[in-house]
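**Q** Handing you this structure, nothing more for now.
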Amino acid sequence: MLLEFKDRGIGVGLRPPHYPRFLNGKPNSVSWVEVITENFLPWSNETRIRPEQTLMKIRQNVPVALHGVSLSLGSVDPLSVTYLARLKQLAQTVEPIWISDHLCWTGTGDKNLHDLLPLPYTEEAISVLVRNISEVQKALGRRILVENVSSYAEFEHSEMKEWEFINEVVRRSDCGILLDVNNVFVSAFNHGFDPLEYLNAIPKDRVGQIHLAGHSNNGTHLVDTHDAPVSEPVWDLYRWVTENFPLVSTMIERDGKIPEWETLEAELLRAARIRSESNESHSTKRIAAVL
Amino acid sequence: MKAIRLKELQRCFRDSITGNAVSDLGFDLIRSTPNFTRSERLGIYRHAYRARMIESLEDDFPVTRGFLGKEKFDGVALEYIAASPSTFASIAEFSRGFPLFLERVESLPRFLLDVARYEWLLVKTTNEVLPTENTVAVLASLSPDEQMESMVALDYSVTLFESPWGVDHLVEGSPYGPTPEAVQLMISPSSGGAAVERLKFHEWRIASLLRSGITLQRLSETLSTEDVDEKEIARIFASWTQKQIVRVLSKKHETEESP
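So the protein sequences, as listed, match chains B and V.
Residues 863 to 1153, numbered by my numbering, are exactly what the first sequence covers, in order.
Residues 76 to 334, numbered by my numbering, are exactly what the second sequence covers, in order.
Written as structure tokens, this is what we have:
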């Protein structure tokens, strides 16, 4: 595993309804939190916004990871110089444990569609991503994690599988992977591939963080809504990951219909139990191998 | 399938999502399966784009939406999204231009334009950084003469807003609906979000003078010619200073030392 993404245990995607809990301390069930970068970046013509003040208070109680949605790493357009400068400044202030964004594009021609749009799996797309990821890492002075997105469209002219694509991007740009297990499941359902084939192909030593989240089942397809509990098949996939990957920082991501803390915490504890059981299993196998 | 450059693919895909019609090229680029067609796949992105942007506007303009009704509001929101697509990193900032856009929409009642402007100011102020400078301490460190010669102003996070429609009560949920009620409001950041204060005429006058910066000496002289009681000026100024609504732009000796 890349050293800068050492295992930090169980974390949570921190959203406003739960801010008060982390302003007053830190629940024992959580070791770190992830926040959406854009919610704390200055607005146009502003130097700072109040959410950043809130974040700095939270930061005193718990380590923070910054997770962005607007870097648009896969866009053919140059990266936004303004965005990158503001991200760098925020990172210097917050000192996050790591910074992440997505393997996608969010718009072109200065327009932001505020969605994680799919890329074709082509050499050209790899080149664009590698160029942009490298530029970001150079600007920030650190490796970043890039997340696999769930998708509803694949392109006819793709030249390879998604997992082959990710492998090449990560190898050439020397970045880490934020593995969203729910996104793997959603995409597998929507495009008809085996999620285990996908997970087996991911470079284990590059995975620095795991997302678990819920989705909506529309019959013919799944939609990554992040507004439901983690589904049982995704829990099964997560268990498989913990049994086949080194221990990786894991968090629950919930963006809509955010439940009471106790409900969310129950999922965090379930993730912790799965990790613990898998860790015991690893230990047993290591001991058996020696004996 | 003929290869397509990424630049053109992204342009076609973007136009297929945001436009009123799906471009043929954008459509054909997408793989289709019997149970999940191209149209459905692209439809997810088209729907998600509109739903997300409309939801963001609904969150920031709930009272405007309430008066317009969902159907009319969503219709106007879609027009705004088409006319002024977001160029912001944060979707929260997308609402900034909506009140101005509403002024171009025909047949909207005038009071509603003020409601929308006011709702945006509440959102903006809630996101403003809480003032950190201790104005009381800064002024207390000065002699009386230095205080009078210091340049003071409303903190940049404070907004003055006036309307003939009593918008603050409307947004708070007044059961009486829009009635002509001229109000002059001071909106400032507070720990709970935004604090709104209805100003009396002379308070509005003081705030207006403070808006772009004025020395205390000049403030006092101007208001004395308008028959505003000195004790009342001092009381208001002390209160606003305590609440960090007023900040010191420059002290007397800094003014003198300036080239």
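Backbone N, C-alpha and C define an ideal beta-carbon position, used for all residues, glycine too.
Kindly list the residues whose CB is nearer than 8 angstroms to the CB of B:Val924, restricted to its own chain and excluding five residues on each side of it in sequence; keep chain order.
**A** Phe884, Lys888, Val892, Ser893, Trp894 and Val895
**Q** Whose C-alpha, out of V:Arg116, V:Arg322 and V:Gln292, is nearest the C-alpha of V:Leu214?
**A** The candidate whose alpha carbon is nearest that of V:Leu214 is V:Arg322.
**Q** Could you tell me if V:Lys199 is buried or exposed, where buried requires 16 or more neighbouring beta carbons within 10 angstroms of its beta carbon?
**A** buried
**Q** Would you grab the beta carbon distance between V:Ser159 and V:Gly172 for me? Rounded to a whole angstrom, and I think it's under 8 angstroms.
**A** In this structure V:Ser159 touches V:Gly172 by the C-beta definition: roughly 5 angstroms separates them, less than 8 angstroms.
**Q** State the start and end residues of the unbroken alpha helix (DSSP H) segment that holds B:Ile1028.
**A** Glu1024 to Ser1035
**Q** Is V:Leu205 close to chain B, meaning its C-beta is less than 9 angstroms from at least one C-beta of that chain?
**A** For V:Leu205, the answer is yes, since a Cβ of chain B falls inside 9 angstroms of its Cβ.
**Q** What ranges does the alpha helix (DSSP H) occupy inside the segment 197 to 264 of chain V, keeping only unbroken runs of at least 4 residues that lie completely in it?
**A** 210 to 215, 219 to 224 and 242 to 247
**Q** Residues of the segment 949 to 983 of chain B with a CB closer than 7 angstroms to any CB of chain V: list them in chain order, please.
**A** Trp967, Gly969, Thr970, Asp972, Lys973, Asn974, Leu975, His976, Asp977, Leu979 and Pro982
**Q** Within 9 angstroms of any Cβ in chain B, is that where the Cβ of V:Asn110 sits?
**A** yes
**Q** Using a Cβ cut-off of 7 angstroms, pull out every chain V residue sitting near B:Gly871, in sequence order please.
**A** Correct list: empty, because the minimum Cβ distance to chain V is about 29 angstroms.
**Q** Does B:Ser942 come within less than 9 angstroms of chain V when only Cβ atoms are used?
**A** yes
**Q** Assuming B:Tyr983 and B:Phe1027 make a contact with CB atoms under 8 angstroms, what is their CB distance in whole Å?
**A** 4 angstroms
**Q** Under the three-state reduction of DSSP, which class applies to B:Met1113: helix, strand or coil?
**A** strand
**Q** Name the DSSP beta bridge partners of B:Trp967, please?
**A** B:Leu979
**Q** Residues bridged to B:Phe1017 by DSSP?
**A** V:Ile105
**Q** Return yes when the C-beta of V:His122 is under 8 angstroms from any heavy atom of the ligand ZN, and no when it is not.
**A** Because no ligand of any kind appears in the structure shown, any question about the ligand ZN cannot be addressed here.
**Q** What is the residue span of the beta strand (DSSP E) that V:Gln317 lies within?
**A** Premise fails: V:Gln317 lies in the alpha helix (DSSP H), Glu305 to Gln317, not in any beta strand (DSSP E).
**Q** Taking the alpha-carbon of B:Phe867 as reference, which of B:Leu935, B:Lys1066, B:Val897 and B:Lys1119 has the nearest alpha-carbon?
**A** B:Lys1066
**Q** May I ask you to report which of helix, strand or coil DSSP gives V:Gly172?
**A** helix
**Q** From the DSSP output, which residues share a beta bridge with V:Phe111?
**A** Answer by DSSP bridge pairing, in chain order: V:Thr108.
**Q** How many whole angstroms separate the CB atoms of B:Asn1052 and B:Tyr1100, which I take to be in contact at a CB cut-off of 8 angstroms?
**A** Taking the Cβ atoms as the reference, B:Asn1052 lies roughly 19 angstroms from B:Tyr1100, outside the contact range of under 8 angstroms.
**Q** Threshold first: 3 residues or longer. Then list the beta strand (DSSP E) segments lying entirely within the segment 1028 to 1078 of chain B, N to C.
**A** 1038 to 1042 and 1069 to 1075
**Q** If the cut is a Cβ gap below 8 angstroms, which residues of chain V does B:Ile995 touch?
**A** Going along chain V, no residue has its Cβ under 8 angstroms from B:Ile995, so there is no contact; the nearest lies around 15 angstroms.
**Q** Would you call the segment 224 to 232 of chain V and the segment 308 to 324 of chain V touching, i.e. three or more CB-CB distances under 8 angstroms?
**A** yes
**Q** So which of B:Met863, B:Leu865, B:Ile872 and B:Leu864 has the shortest CA-CA distance to B:Ala1134?
**A** Looking at the Cα atoms, B:Ile872 is the closest of the given residues.
**Q** In the DSSP assignment, find the unbroken beta strand (DSSP E) run with B:Glu896 in it and report its ends.
**A** Trp894 to Ile898
**Q** Would B:His976 and B:Val931 qualify as a contact pair, given that the criterion is a beta-carbon distance under 9 angstroms?
**A** Using a Cβ distance threshold of 9 angstroms, B:His976 and B:Val931 count as a contacting pair.
**Q** Any beta carbon of chain V sitting closer than 9 angstroms to that of B:Ala1015?
**A** yes
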